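Engineer:
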Amino acid sequence: MDYDITLIAGHREALLARTLESFTRDVFPNFRLRRLIANLDPFMGDAAEGDRCEALIRRHFPQAMIFRPETADFASAVIRAWSATTAPRVLHLEDDWLALEPIGPDRIEPLFEPDVGAVTFMCLTKHTRGLPHQTSRRVVKQGRRIVEDRLVNAFSTSPGVFEGDFLREAARRMQPGLDPEKQFFRQINPELEAHALPRRCMFLRGTTRRELIVDIGREARAAQGLVKLYENGASVWRQAEPAPSQATEG
C-alpha cells in the first residue's frame, strides 16, 4: 500500500536534521512512499534558517512539495499539508521527534480495522487508561452538577499513520486558528467531531519498551523560554514569566 508523508515543521534546522536522520534510518525505507508534503512555518527561526530547512528536506526528498507560508498557524499548516495528500495511508510527522526503533507497515496495517482512522506512535505523554486506543475524558457541568462524564475517542497530531480519506476529510472540516489536535475532541469544532468521534486512533507501542518515539522539542523550546498555553481553542507559545526574585532577610 502506498503512503504519503506529511511533515509539519518550523524554522528549526537542528531539530529537523535529527528527525530526518532518525526516520530515514528506521522508518522511511520500510514503506512504499509516494511523496513528502512539508509545511515550514516561520516559527523559532529566521528566513535563512527556513531556507536551510527546505534544502535539508530536499536532500532527502528532492521532489517534495514544500509550503512556505508568511505567517505561522499550526492548524493551517496541518490543513495545507493534509489536503495535498493522495495516498491511501499518510505517515504524519512533526520536526521534533526521534524513532526509538524501526517502524514498518507490518505492525501498522493489522490495526486498521473498519472503525480505525489512525494509528498513533506511543510516546511518554500519552495516557492509555488501559485501552488500546486514544481517548479523552469529557466532563460537562451545569452549575455544580456534573451532567456528563465519559471517555470519547481522541486523535493526535504527533507522529502516526492516518487512513488517507479520513485525514483529508478531517482537513476539510478543520478550522484555522484553533489547535488542530484538540478540534477532534474538545467540543470546539462540532463538524470535525461528527466525522472523528465514531472512529478510533489505535496506540502502537514499542517492542522492547512502552514508547516508540521521543519528543526532542521540549528542551529547545525551554531554552528559548517558551511555554505552551491553551487559550480560546488555540495552543499558543508565550515567553515564560521570569521567576520571582527571592527577598533576603536582614
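Per this note's numbering, residue -9 is the first one in the sequence shown, and the count goes up by one each step.
Note that CB positions come from ideal geometry on N, CA and C, so glycine has one too.
On a predicted model such as this, the values are computed, not experimentally measured, just so you know.
Compute the Euclidean distance between the alpha carbons of aspartate -8 and alanine 74, then round it to the nearest angstrom.
Structural biologist: The alpha-carbon atoms of aspartate -8 and alanine 74 are separated by roughly 15 Å.
Engineer: If you run the structure through DSSP and keep just helix, strand and coil, what is aspartate 16?
Structural biologist: Reduced to three states, the DSSP call for aspartate 16 is helix.
Engineer: What are the boundary residues of the alpha helix (DSSP H) that includes leucine 101?
Structural biologist: Taken as a continuous stretch (DSSP letters only), leucine 101 belongs to no alpha helix (DSSP H), as it is neither H nor E.
Engineer: Threshold first: 3 residues or longer. Then list the beta strand (DSSP E) segments lying entirely within the stretch 58 to 144, N to C.
Structural biologist: The stretch 58 to 144 contains these whole beta strand (DSSP E) runs: 79 to 84, 87 to 89, 106 to 111, 125 to 132 and 135 to 143.
Engineer: Quick one: measure Cβ to Cβ for histidine 123 and arginine 211, integer angstroms, because I've assumed they're closer than 8 Å.
Structural biologist: The Cβ separation is near 29 Å, so there is no contact.
Engineer: Considering just the uninterrupted stretch of the alpha helix (DSSP H) at threonine 47, what are its terminal residues?
Structural biologist: The amino acid occupying residue 47 in the given sequence is isoleucine; threonine does not appear at that position. First-last of the alpha helix (DSSP H) with isoleucine 47: 37 to 50.
Engineer: Can you tell me where the beta strand (DSSP E) holding aspartate -8 begins and where it ends?
Structural biologist: Aspartate -8 -> beta strand (DSSP E) spans -8 to -1.
Engineer: Per DSSP, glycine 154 is paired with what?
Structural biologist: Paired residues: none, contrary to the question.
Engineer: Please say whether glycine 150 and valine 110 have beta carbons closer to each other than 7 Å?
Structural biologist: Correcting the residue type first, residue 110 is threonine in the shown sequence and not valine. Contact: yes.
Engineer: Short of 8 Å in beta carbon distance, which residues of its chain neighbour leucine 10, apart from the five on each side in sequence? Order them along the chain.
Structural biologist: The answer, listed in chain order, is Leu46, Ile47 and His50.
Engineer: Measuring alpha carbon to alpha carbon, tell me which residue in Asn20, His1, Phe175 and Arg15 is nearest arginine 97.
Structural biologist: Cα-wise, what sits closest to arginine 97 is Asn20.
Engineer: Can you tell me the Cα-Cα spacing of aspartate 63 and aspartate 85, whole angstroms?
Structural biologist: The straight-line gap from Cα to Cα measures roughly 15 Å.
Engineer: Shortest alpha-carbon distance to arginine 176 belongs to which of Glu44, Arg140 and Leu88?
Structural biologist: Of Glu44, Arg140 and Leu88, the residue nearest in Cα terms is Arg140.
Engineer: Taking DSSP as the reference, what is the three-state secondary structure of alanine 54?
Structural biologist: Residue state, collapsed to three classes: coil.
Engineer: Could you have a look at arginine 8 and say whether DSSP puts it in helix, strand or coil?
Structural biologist: Three-state result, arginine 8: helix.
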